[in-house]
Amino acid sequence: MNVGLRGLKQRVGIFGITVLFLFFCTAADAKVKSIDYSRGENWAYEDIGANKPVDLFIVAPTVDFGTKEKLNMDMADTKMKGNFLGALNMERGIYEDNCRMYAPYYRQVTLSYYEMGLEGKKEKDRAKAYRLAKNDVEAAFDYYLKNYNQGRGIVLAGFSQGSQLVIELMKVVAADKNLQKRVVAAYCPGWALTKHDVERYNLKPALGAKDLGCIVSFNSEAVNIKDSMMVPADSKGKIYAINPLNWRTDSVPASSLLNKGACFTDYQGNIKKEIPYLTGAYLDRERKTLKVTGVTPKEYPPVLPLFGPGVYHLYDYQFFYRNLQANVADRVSAYFQANIAPTHVVK
Numbered sequence: 005m006n007v008g009l010r011g012l013k014q015r016v017g018i019f020g021i022t023v024l025f026l027f028f029c030t031a032a033d034a035k036v037k038s039i040d041y042s043r044g045e046n047w048a049y050e051d052i053g054a055n056k057p058v059d060l061f062i063v064a065p066t067v068d069f070g071t072k073e074k075l076n077m078d079m080a081d082t083k084m085k086g087n088f089l090g091a092l093n094m095e096r097g098i099y100e101d102n103c104r105m106y107a108p109y110y111r112q113v114t115l116s117y118y119e120m121g122l123e124g125k126k127e128k129d130r131a132k133a134y135r136l137a138k139n140d141v142e143a144a145f146d147y148y149l150k151n152y153n154q155g156r157g158i159v160l161a162g163f164s165q166g167s168q169l170v171i172e173l174m175k176v177v178a179a180d181k182n183l184q185k186r187v188v189a190a191y192c193p194g195w196a197l198t199k200h201d202v203e204r205y206n207l208k209p210a211l212g213a214k215d216l217g218c219i220v221s222f223n224s225e226a227v228n229i230k231d232s233m234m235v236p237a238d239s240k241g242k243i244y245a246i247n248p249l250n251w252r253t254d255s256v257p258a259s260s261l262l263n264k265g266a267c268f269t270d271y272q273g274n275i276k277k278e279i280p281y282l283t284g285a286y287l288d289r290e291r292k293t294l295k296v297t298g299v300t301p302k303e304y305p306p307v308l309p310l311f312g313p314g315v316y317h318l319y320d321y322q323f324f325y326r327n328l329q330a331n332v333a334d335r336v337s338a339y340f341q342a343n344i345a346p347t348h349v350v351k
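For the sequence shown, the numbering used here assigns the number 5 to the initial residue and increments by one for each residue that follows.
Rendered as structure tokens:
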């Protein structure tokens, strides 16, 4: 696979990917068999950490590379489901101290889906593939609400495609006032929160360290980057983001001394390496990307061909692991202070 960002030219970007399905939905979509979320095998996490004060509904990132013919993960692919679970485990430590965890298996779009977007190919097929993933996640969330939640507070979370789909869920939340009251926050690193979505669906961007019902979004990159798949060059004034080191939405820089610890985890969720004070960061005044200081693209390469050197997409969680972990605890505490006194200790 050799896509590169130079072929992008803003043809798809974040603003086209999430809306293609609106134009290309067909009657054939209705014939696709739904996933039965009453069956335990369709959950990667189900009721894990029963004594924690709030719930976590987390959506996994892209783990399936796919092909030009395969735009959705096969639920019968046990190897891929193992990778799916491993990707979730890499993030779980940020949330598990305070959250009872739920994570559905879903027919996520594959990496080929995003590559085709950069190439401007097969938009009808891509729209159908995205709709399948979106419908699975929405069905799982609906089942979770009706059968598991029982009025508890909810943290939503994702990364990359998972964040893309959590933002879709937050559109559902925004239309339900009672559900809004139960959402602690939605953590969506690795996907951009657009002004279009905020205004159209009445979404709440995070404005500080303890606001509730908001979306925490940021996209990490080197200082010199001016264009990426996640935030195209023409995104000035179109993005909301927050700095996970100082919890500001302006361009005031955060020193590496504020970085509580970058953590690099394995597929079991074990921290294999931890580096306090690894990076500083500031929000680009115009693009609202998170400019990461103190590291180099050579030290932290992009890994995937979708991203050029200096796009730190794969490190959004890892660079700011301990700060995000602490912030989950802060927001959960703020949630209980705003509602009913907790019956569990927030760690």
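For every residue, glycine included, the Cβ atom is placed at its ideal position computed from N, Cα and C.
Here the structure is a predicted model, which means the values were calculated and not measured.
Straight-line gap, residue i to residue j (C-alpha atoms, nearest Å)
{"i": "residue 297", "j": "residue 341", "result": "35 Å"}
{"i": "residue 224", "j": "residue 319", "result": "7 Å"}
{"i": "residue 160", "j": "residue 300", "result": "31 Å"}
{"i": "residue 260", "j": "residue 116", "result": "36 Å"}
{"i": "residue 26", "j": "residue 278", "result": "Confidence at residue 26 is low in this model, with a pLDDT of 41, below 50, so the placement of that residue should be treated as unreliable; the coordinate-derived value is given next. Distance between the alpha carbons of residue 26 and residue 278: 43 Å."}
{"i": "residue 127", "j": "residue 169", "result": "19 Å"}
{"i": "residue 326", "j": "residue 263", "result": "8 Å"}
{"i": "residue 156", "j": "residue 148", "result": "11 Å"}
{"i": "residue 205", "j": "residue 113", "result": "24 Å"}
{"i": "residue 338", "j": "residue 207", "result": "19 Å"}
{"i": "residue 31", "j": "residue 37", "result": "Any reading at residue 31 must be qualified, since the residue scores a pLDDT of 41, below 50, and its modelled position is unreliable; the value itself is stated next. Whole-angstrom Cα-Cα distance: 13 Å."}
{"i": "residue 101", "j": "residue 308", "result": "31 Å"}
{"i": "residue 90", "j": "residue 163", "result": "13 Å"}
{"i": "residue 195", "j": "residue 321", "result": "12 Å"}
{"i": "residue 81", "j": "residue 153", "result": "29 Å"}
{"i": "residue 433", "j": "residue 55", "result": "In the structure displayed, the chain extends from 5 to 351; residue 433 sits before or after that span and is not available."}
{"i": "residue 306", "j": "residue 312", "result": "6 Å"}
{"i": "residue 70", "j": "residue 84", "result": "10 Å"}
{"i": "residue 217", "j": "residue 146", "result": "18 Å"}
{"i": "residue 61", "j": "residue 158", "result": "7 Å"}
{"i": "residue 280", "j": "residue 73", "result": "43 Å"}
{"i": "residue 182", "j": "residue 302", "result": "48 Å"}
Delimiting residues of the alpha helix (DSSP H) encompassing residue i
{"i": "residue 67", "result": "Per DSSP, residue 67 belongs to no alpha helix (DSSP H) and is neither H nor E."}
{"i": "residue 171", "result": "165-178"}
{"i": "residue 82", "result": "82-96"}
{"i": "residue 142", "result": "127-148"}
{"i": "residue 105", "result": "Element bounds for residue 105: not the alpha helix (DSSP H) but the beta strand (DSSP E), 103-108."}
{"i": "residue 338", "result": "325-342"}
{"i": "residue 181", "result": "181-184"}
{"i": "residue 118", "result": "115-123"}
Beta strand (DSSP E) segment containing residue i, residue limits
{"i": "residue 297", "result": "294-297"}
{"i": "residue 304", "result": "It is not in any beta strand (DSSP E) - residue 304 carries neither H nor E in the DSSP assignment."}
{"i": "residue 276", "result": "275-279"}
{"i": "residue 269", "result": "266-269"}
{"i": "residue 284", "result": "284-287"}
{"i": "residue 49", "result": "47-52"}
{"i": "residue 315", "result": "Note, residue 315: premise wrong, no beta strand (DSSP E); not H, not E."}
{"i": "residue 160", "result": "158-162"}
{"i": "residue 256", "result": "That residue, residue 256, is in no beta strand (DSSP E); it is neither H nor E in DSSP."}
{"i": "residue 2", "result": "Because residue 2 is not part of the residues shown, which for the chain are 5 to 351, the question remains open."}
Nonlocal neighbours in the same chain, by C-beta distance under 8 Å from residue i, ignoring five residues either side
{"i": "residue 240", "result": "290 and 291"}
{"i": "residue 142", "result": "172, 173 and 176"}
{"i": "residue 230", "result": "237 and 291"}
{"i": "residue 232", "result": "9, 223, 225, 293, 311, 312, 315 and 317"}
Beta-carbon separation (whole angstroms), residue i vs residue j, contact threshold 8 Å
{"i": "residue 4", "j": "residue 57", "result": "The structure shown does not extend to residue 4, since the chain is modelled only from 5 through 351, so no value can be given for it."}
{"i": "residue 314", "j": "residue 247", "result": "Going by Cβ atoms, the distance from residue 314 to residue 247 rounds to 18 Å, so no, they are not a contact pair."}
{"i": "residue 106", "j": "residue 50", "result": "6 Å"}
{"i": "residue 266", "j": "residue 323", "result": "5 Å"}
{"i": "residue 166", "j": "residue 245", "result": "Not a contact, Cβ separation roughly 17 Å."}
{"i": "residue 137", "j": "residue 111", "result": "6 Å"}
{"i": "residue 293", "j": "residue 202", "result": "Incorrect: roughly 17 Å between the Cβ atoms, too far for contact."}
{"i": "residue 133", "j": "residue 88", "result": "The Cβ separation is near 17 Å, so there is no contact."}
{"i": "residue 140", "j": "residue 39", "result": "6 Å"}
Sequence-distant residues of the same chain with beta carbon closer than 7 Å to residue i, five excluded per side
{"i": "residue 269", "result": "94, 97, 275 and 276"}
{"i": "residue 130", "result": "24, 75, 117, 120 and 121"}
{"i": "residue 343", "result": "none"}
{"i": "residue 304", "result": "316 and 319"}
{"i": "residue 144", "result": "41, 108 and 110"}
{"i": "residue 272", "result": "93"}
{"i": "residue 283", "result": "260, 263, 266, 296, 297, 298, 299 and 323"}
{"i": "residue 330", "result": "264"}
{"i": "residue 45", "result": "none"}
{"i": "residue 258", "result": "247, 249, 250, 284, 285 and 286"}
6 Å CB neighbourhood of residue i in its chain, flanking five on each side removed
{"i": "residue 123", "result": "none"}
{"i": "residue 190", "result": "160, 170, 174 and 219"}
{"i": "residue 295", "result": "227, 286 and 288"}
{"i": "residue 221", "result": "192, 197 and 245"}
beta-carbon residue i near the ligand ZN non-hydrogen atom, thresh 7 Å
{"i": "residue 226", "result": "With respect to small molecules bound, the structure shown includes none, and the ligand ZN cannot be examined in it."}
Q | Segments of 3+ residues assigned as beta strand (DSSP E) that fall wholly inside the stretch 206-243 | A | Secondary structure remark: continuous beta strand (DSSP E) runs of at least 3 residues inside the stretch 206-243, in chain order: 218-220.
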